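Trainee:
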């Protein structure tokens, strides 16, 4: 019987498992699929030799995350790859805003749209350098994030802290008006905002648009050499080298609860596996509370709050095997592994509005990836492996093939001749994505909306935003928990930290209790001895 069971071998589950084995625990990971990784996997799904990242692909949060950096995965085979540029955002008019790890190059690009916007970005990036450490630490700290918040306040001071908070909650459209004069900077930040699922008019959008842009400037948008699955492989190798084990094709259908405490799990085939100390679930909050637990094990207040749960938008993803590199009209777009495709902040505003109204956007925003300039191992010589995804409404009847054609039209407009290069393509809509990873419910890739009302102390339900559940010994370790979606391992790290802290607290309570009992007995013995001495003296 292991000390801990981890349900799910996605990045959060694997990070949690690694931290527990580092603490000397025996850990069993149970994965429903035949391979590990969840949404961090790579496979040849079009033609031999073309390696496609099945879901996520580029990892600025992963490269910066304290949870992943502390594991030293480079020792286990992880190698980050970068392109000449981080990101390009072209338009059909031939202009292109770029983000580079070279600050001067980014500033020059923004200045080409409006003189002075380069200096504005330098100032915003200096702000990032001031607050980087407490913000990243806050990402791996459970609610309430007291120490990182105090660190932020110390670095900024009261006045600048209030200005920072105001900036963070702004919609991107207002942020762009206040900070920039030209279309290029607004396009760049708004594209990164919608990359994080925040439309230009959404509260908190400025923070996420600025955050992704600053991360790109700082650490880039790196991708693992050989494919996203190389990140998973490094996590698995590290775990297994320290004694952790993973069982595949092991779908958990129930968390076993006795006397309000998680004691193990039951698999789909009926096998029961006990856990001596904890069960950690790298599954969505609705799946945990409404699927893996019995109704009587979940308090009514949690069930009531889960009725308000909101998934993020659904996804349509295309993967292409191409005969050569993509003939972008913009030279800069030929140097960037990541491309954002949208005509500007106005078009993004319309697209976001259509999504909110339950409509498939007429001009879908695309996040596009191409690997030839970053990692030549992904394709045969002279060829190209590429992909793009766009967001569509949840609970909508989506014609996936029609959306895919619309996506290709958008690429063709920026890279005439693109369609002639297509050797083969693979189209996957919301239902296909969910079949391949049950955590991507309805094609949602963020573990639930990142809107303010489902962040912080409201994630996944109203409370303290912590991984502990109403069942003792059971912890939520997925992106449905704080701090949310993205491949950074933070929910898994926070859950593992909570498990270990609970263990230390329990041991301290036992030690304190034993000390109190011993002290009480010693005091009683002294009283008895004192009484006996008094009796002897008086008897004399």
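Residue numbers (our numbering): 500 to 1039. Beta carbons: idealized from backbone N, C-alpha and C, even for Gly. In this text, all values refer to a predicted model and were calculated from it rather than measured experimentally.
1. To the nearest angstrom, report how far apart residue 826 and residue 904 are at their CA atoms.
2. At what residue ranges does the region 801-884 contain a whole run of the beta strand (DSSP E), taking only runs of 3 or more?
3. Please classify residue 1034: does DSSP put it in a helix, a strand, or coil?
4. Going by beta-carbon coordinates alone, are residue 998 and residue 503 separated by less than 8 Å?
5. Just checking, does the region 510-527 make contact with the region 784-799 on the three C-beta pairs under 8 Å criterion?
6. In or out: residue 511 buried (at least 16 other Cβ within 10 Å) or exposed?
7. In terms of residue numbering, what span does the alpha helix (DSSP H) encompassing residue 673 cover?
8. Report the three-state DSSP secondary structure of residue 886 (helix, strand or coil).
9. Work out the CA separation of residue 978 and residue 986 for me, nearest whole Å.
10. What's the C-alpha gap between residue 764 and residue 501?
11. Following the continuous alpha helix (DSSP H) through residue 744, name the residue where it begins and the one where it ends.
12. Quick check on DSSP: helix, strand or coil for residue 532?
13. Could you say if the region 531-550 and the region 850-867 meet the contact criterion of at least three C-beta pairs nearer than 8 Å?
14. Is it buried or exposed, residue 1034, if we count other Cβ atoms within 10 angstroms and call 16 or more buried?
15. Quick check: residue 841 and residue 942, are their CB atoms within less than 8 Å of each other?
16. Suppose contacts are defined by Cβ-Cβ distances below 8 Å. Is residue 804 in contact with residue 956 by that definition?
17. On a Cα-Cα basis, can you pick out the residue from 918, 720, 818 that is closest to residue 561?
18. Report the partner residues of residue 668 according to the DSSP bridge assignment.
19. Whole angstroms are fine: how far does the CA of residue 570 sit from the CA of residue 992?
20. Quick one: Cα of residue 679 to Cα of residue 855, how far?
21. Please tell me whether residue 886 and residue 616 are closer than 8 Å, where the distance is taken between their beta carbons.
22. Taking the Cβ atom as the reference point for each residue, do residue 761 and residue 703 lie within a distance shorter than 8 Å?
23. If you draw a straight line from the alpha carbon of residue 670 to that of residue 677, how long is it in whole angstroms?
24. Here's the rule: buried if 16 or more other CB atoms are within 10 angstroms of the residue's CB, otherwise exposed. What is residue 967?
25. With a CB to CB cut of under 8 Å and the five nearest residues on each side skipped, what residues in its chain are close to residue 555?
26. Tell me whether residue 1000 is buried or exposed, calling it buried when 16 or more other Cβ atoms sit within 10 Å of its Cβ.
27. Are the beta-carbon atoms of residue 815 and residue 902 separated by less than 8 Å?
28. Comparing alpha-carbon positions, which option in 759, 844, 597 lies nearest residue 971?
29. Per the DSSP calculation, residue 656 is bridged to which residue(s)?
30. Just to confirm my understanding: we take residue 747, look at its own chain, exclude 5 residues before and 5 after, and list those with CB closer than 6 Å. What are they?
31. How is the alpha helix (DSSP H) around residue 753 delimited, first residue to last?
32. So the candidates are 835, 607, 633; which of them puts its Cα closest to the Cα of residue 654?
33. Could you name the residues of the same chain whose beta carbon sits closer than 6 Å to that of residue 958, not counting the 5 residues immediately before and after it, in chain order?
34. Consult DSSP for residue 683 and reduce its assignment to one of helix, strand or coil.
35. Drop a sphere of 10 angstroms on the beta-carbon of residue 628, count the other beta-carbons inside from all chains shown, and report buried for 16 or more, exposed for fewer.
Mentor: Per the coordinate set shown:
1. Numbered from its first residue, the chain shown carries residue 826 at position 327. Numbered from its first residue, the chain shown carries residue 904 at position 405. Taking C-alpha positions only, residue 826 is separated from residue 904 by approximately 19 Å.
2. The beta strand (DSSP E) runs lying completely inside the region 801-884 and spanning 3 residues or more are 813-821, 837-840, 865-869, given in chain order.
3. Sequence index remark: in the chain shown, residue 1034 carries index 535 (1-based). Confidence at residue 1034 is low in this model, with a pLDDT of 47, below 50, so its placement is unreliable and the value that follows should be read with caution. The answer is helix: DSSP assigns residue 1034 an H, G or I state.
4. Translated into the one-based positions of the chain shown, residue 998 becomes position 499. Translated into the one-based positions of the chain shown, residue 503 becomes position 4. Contact annotation: residue 998 and residue 503 have beta-carbon atoms nearer than 8 Å.
5. No: fewer than three Cβ pairs fall under 8 Å.
6. In the chain shown, counting from the first residue as 1, residue 511 sits at position 12. The residue is buried, with at least 16 neighbouring Cβ atoms inside 10 Å.
7. Start at 1 with the first residue of the chain shown, and residue 673 comes out as number 174. Counting along the chain, the alpha helix (DSSP H) containing residue 673 begins and ends at 671-678.
8. Within the chain shown, residue 886 is the residue found at index 387, counting from 1. Residue state, collapsed to three classes: strand.
9. Translated into positions along the chain shown, residue 986 becomes position 487. Translated into positions along the chain shown, residue 978 becomes position 479. Taking the straight line from one Cα to the other gives about 9 Å.
10. To locate residue 764, count along the chain shown from 1; it is residue 265. To locate residue 501, count along the chain shown from 1; it is residue 2. Their Cα atoms are separated by approximately 12 Å.
11. For the purposes of this step, residue 744 is taken as the residue at position 245 of the chain shown. Note, residue 744: premise wrong, no alpha helix (DSSP H); beta strand (DSSP E) at 744-747.
12. Taking the chain shown and counting its residues from 1, the one referred to as residue 532 is at position 33. Assigned with DSSP and collapsed to three states, residue 532 falls in coil, not helix or strand.
13. No: fewer than three Cβ pairs fall under 8 Å.
14. In the chain shown, residue 1034 corresponds to position 535, counting from 1. In this prediction, residue 1034 has a pLDDT of 47, which is less than 50 and means its spatial position is unreliable; what the coordinates show is noted afterwards. Residue 1034 sits exposed, since fewer than 16 C-beta atoms from the chains shown fall within 10 Å of its C-beta.
15. Your numbering for residue 841 matches position 342 in the chain shown. Your numbering for residue 942 matches position 443 in the chain shown. Contact flag unset, no.
16. The residue you call residue 804 lines up with position 305 of the chain shown. The residue you call residue 956 lines up with position 457 of the chain shown. Inclusion of residue 804 and residue 956 in the CB contact set at 8 Å is not warranted, their separation being larger than that value.
17. Here residue 561 corresponds to residue number 62 of the chain shown, with the count starting at 1. Ranked by how close their Cα comes to the Cα of residue 561, the residues 918, 720, 818 have 720 in first place.
18. For this step, residue 668 is matched to residue 169 along the chain shown. Partner(s): none; residue 668 has no beta bridge.
19. Position 493 of the chain shown, counted from the first residue, corresponds to residue 992. Position 71 of the chain shown, counted from the first residue, corresponds to residue 570. Taking the straight line from one Cα to the other gives about 11 Å.
20. Position 180 of the chain shown, counted from the start, is the residue given in the question as residue 679. Position 356 of the chain shown, counted from the start, is the residue given in the question as residue 855. Taking the CA atoms as reference points, residue 679 sits about 27 Å from residue 855.
21. Locating residue 886 in the chain shown gives position 387, where the first residue counts as 1. Locating residue 616 in the chain shown gives position 117, where the first residue counts as 1. Not closer than 8 Å, so no.
22. Within the chain shown, the letter at position 262 stands for residue 761. Within the chain shown, the letter at position 204 stands for residue 703. In this structure, residue 703 does not lie closer than 8 Å to residue 761 by Cβ.
23. On the chain shown, position 171 is the one that residue 670 refers to. On the chain shown, position 178 is the one that residue 677 refers to. Rounded to whole angstroms, residue 670 to residue 677 spans 11 Å at the Cα level.
24. Stepping through the chain shown from its first residue, residue 967 is reached at position 468. Flag for residue 967 reads buried.
25. Working through the chain shown from its first residue, we reach residue 555 at position 56. Taken in chain order, the residues that qualify are 538, 539, 727, 944, 986.
26. The residue you call residue 1000 lines up with position 501 of the chain shown. Sixteen is the threshold: since fewer than 16 other Cβ atoms of the shown chains lie within 10 Å of the Cβ of residue 1000, the residue is exposed.
27. Looking up residue 815 in the chain shown gives position 316. Looking up residue 902 in the chain shown gives position 403. Going by C-beta atoms, residue 815 is nearer than 8 Å to residue 902.
28. Residue 971 sits at position 472 when you count from the first residue of the chain shown. Ranking the options by Cα distance to residue 971, first place goes to 759.
29. Within the chain shown, residue 656 is the residue found at index 157, counting from 1. In the DSSP output, where bridge partners are listed per residue, residue 656 has none listed.
30. Residue 747 sits at position 248 when you count from the first residue of the chain shown. Within the same chain, Cβ atoms closer than 6 Å to the Cβ of residue 747 are found at 530, 533, the five residues on either side in sequence being excluded.
31. Position 254 of the chain shown, counting from 1, holds the residue named residue 753. Segment 751-757 is the beta strand (DSSP E) holding residue 753; no alpha helix (DSSP H) there.
32. Looking up residue 654 in the chain shown gives position 155. That would be 633, whose Cα lies nearest to the Cα of residue 654.
33. Numbered from 1 along the chain shown, position 459 holds the residue referred to as residue 958. Exclusion of the five residues before and after residue 958 leaves 964, 981 as the residues of its chain whose Cβ lies within less than 6 Å of its Cβ.
34. Numbered from 1 along the chain shown, position 184 holds the residue referred to as residue 683. It is helical.
35. Here residue 628 corresponds to residue number 129 of the chain shown, with the count starting at 1. It is exposed - the Cβ of residue 628 has fewer than 16 other Cβ atoms within 10 Å.
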